[in-house]
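Below is one structure, written out as structure tokens, with a few remarks after it.
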Amino acid sequence: MSSGTDRSYKVGVIAGDGTGPEVIREGRKVLDYLAEDEGFQVEWIDFDLSGDRYLRDGVVLDDASLEALRGMDAIYLGAVGHPDVPPGVIERGLLLRLRFALDQYVNLRPVIRFPNVPTLLPGQSEEDVNFIVVRENSEGLYAGAGGFHRRDTEFEVAVQESINTRHGVERIVRYAFELAMRPDRRKKLTLCHKTNVLTFAGDLYQRVVNELAAEYPEVETNYVHVDAACIYFLDSPQRFDVIVTDNMFGDIITDLGAMIQGGMGVAAGGNINPEGVSMFEPIGGTAPDFVGSDKINPIAAIGAGGMMLAALGEDAAATRVDRGIRAATVQMDSMAAGQMGFTTQEVGDLVVKGAS
Ligand code: IPM
Ligand code: MN
0 MSSGTDRSYK VGVIAGDGTG PEVIREGRKV LDYLAEDEGF QVEWIDFDLS
50 GDRYLRDGVV LDDASLEALR GMDAIYLGAV GHPDVPPGVI ERGLLLRLRF
100 ALDQYVNLRP VIRFPNVPTL LPGQSEEDVN FIVVRENSEG LYAGAGGFHR
150 RDTEFEVAVQ ESINTRHGVE RIVRYAFELA MRPDRRKKLT LCHKTNVLTF
200 AGDLYQRVVN ELAAEYPEVE TNYVHVDAAC IYFLDSPQRF DVIVTDNMFG
250 DIITDLGAMI QGGMGVAAGG NINPEGVSMF EPIGGTAPDF VGSDKINPIA
300 AIGAGGMMLA ALGEDAAATR VDRGIRAATV QMDSMAAGQM GFTTQEVGDL
350 VVKGAS
């Protein structure tokens, strides 16, 4: 939680696996520069948690680290996952466990296209792609409810249930309404779900949106099915300002969102507990092919650092991160690793220069 007005922040760093440490280093460079210039302090506290650590000593997330992370003002995460660790161990045991344990119920994923960023859709401009996905981050299919019955027999049953609570839906929808009201947004809220098939969960979401809409008369609300949303992302992304959606749909559409903003090299996100400890991360993974080559794009990690500054209340510095990123992207050849026209560290320097 924020240390109040003293403007000194303890940030837990989980640099993680693969290229995680390389992109986090650039994010820290930018934030250290701005801290100095804007007169606040960031104390970085490194946590050795990763697929690598798990392979070394079997630890995914120990209780002592979790307790220490609870005491941070924010967490800055690079990427976790290792090709030699079975799928799910690190994802569930570290990333999802942190999201759940710290009740980071909002997964905030801006889909904003920066200047000069090429995408697969040359017809879309910077003006067209500017929305934010508010992904529910604490329940739904991610709750882990379900199980096997008669596993490994021909009568096997696998059940995976989506848990949607009134409390959980209400708090995420309220967060989305509040976001739509911010001066930099356009007061439009779209519920994205699959109400024609998921008639229980979808109905709860729709009822909550309808009820809260009465409290936010200035916000225009509408609805899209998740499959249609995929079409609209490619066809007419201008229609979106703030999208609220459940955990699984949010996971899927934000990967597509990343592609229309310029790829994993630029997509940043925040796992937010507005009353607690939030965690900021580039959405992309560990990029094992690029480890140690100084070729990975740090823009997403730097953007996540900017989101962290905003959450800590350092709005001026957060705005400068955004400015720095925009100054960098106009100079870069591409957002893809190895094709940027600059090294990872040089891109970090471009952002610092653009933010100064
Ligand atoms: C994401 C990731 C995670 C998720 C995985 C790694 C568990 O895909 O942050 O979008 O599904 O939430
Ligand atoms: Mn995902």
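Heads up: the sequence shown begins at 0 in numbering that gives the first Met the number 0, then just goes up one per residue. Glycine is no exception: its CB is placed at the ideal position from the N, C-alpha and C atoms.
Q) Alpha carbon to alpha carbon, what distance is there between Glu217 and Gly87? A) 42 angstroms
Q. In chain order, what residues of the same chain lie with their CB nearer than 6 angstroms to the CB of Gly26, ignoring the 5 residues before and after it?
A. Ala300, Ile301 and Gly304
Q. What is the rounded straight-line gap between the Cα of Leu94 and the Cα of Ala212?
A. 33 angstroms
Q | Straight-line gap, Ala144 to Arg91 (C-alpha atoms, nearest Å) | A | 13 angstroms
(Q) Tell me the DSSP secondary structure of Glu90 in three-state form. (A) helix
Q: Out of Cys191, Phe99, Glu35 and Glu138, state which residue places its alpha-carbon closest to the alpha-carbon of His166.
A: The alpha carbon of His166 has as its nearest neighbour, out of Cys191, Phe99, Glu35 and Glu138, the alpha carbon of Glu138.
Q) Roughly how many whole angstroms lie between the Cα atoms of Met331 and Ser124? A) Rounded to the nearest whole angstrom, the C-alpha separation of Met331 and Ser124 is 17 angstroms.
Q) Would you say Ile242 touches ligand 2, meaning its beta carbon is less than 8 angstroms from a heavy atom? A) Not so, every heavy atom of ligand 2 lies at least 8 angstroms from the Cβ.
**Q.** Local conformation of Arg24 per DSSP, three classes
**A.** helix
Q. Looking only at its own chain, which residues have a Cβ that is under 6 angstroms from the Cβ of Ala175, when we skip the five neighbours before and after it?
A. Val133, Leu188, Val241 and Val243
Q: Measure the Cβ-Cβ separation of Pro297 and Val351 and say whether it is below 9 angstroms.
A: no
Q.
Is Glu135 a contact residue of ligand 1, with contact defined as CB to any heavy atom under 8 angstroms?
A. Relative to the non-hydrogen atoms of ligand 1, the Cβ of Glu135 never comes closer than 8 angstroms to any of them.
Q. Which value, in whole angstroms, describes the spacing of the CA atoms of Arg173 and Pro273?
A. 12 angstroms
Q. In this structure, does DSSP put Ser2 in helix, strand or coil?
A. Low per-residue confidence applies at Ser2: pLDDT is 48, beneath 50, and the placement is therefore not dependable enough to give any value.
**Q.** Rounded Cβ spacing between Pro376 and Ala78 (contact assumed at less than 8 angstroms)
**A.** Residue 376 is absent from the model: the chain starts at 0 and stops at 355.
**Q.** Candidates Ala228, Asp61, Phe113 and Asp288: closest to Ser49 by CA position
**A.** Selection Ala228, Asp61, Phe113 and Asp288 evaluated against Ser49 yields Asp61 as nearest (Cα-Cα).
Q: Give the DSSP bridge partners of His166, in chain order.
A: Bridge partners of His166: none, in fact.
**Q.** Neighbour-count burial assignment, Gly256, 16 or more Cβ in a 10 Å radius
**A.** buried
Q: Specify, as a first and last residue, the run of the beta strand (DSSP E) that Thr189 falls within.
A: Lys187 to His192
**Q.** Thr76, DSSP secondary structure in three states
**A.** The residue asked about is misnamed: residue 76 is Leu in this sequence, not Thr. Strand at Leu76.
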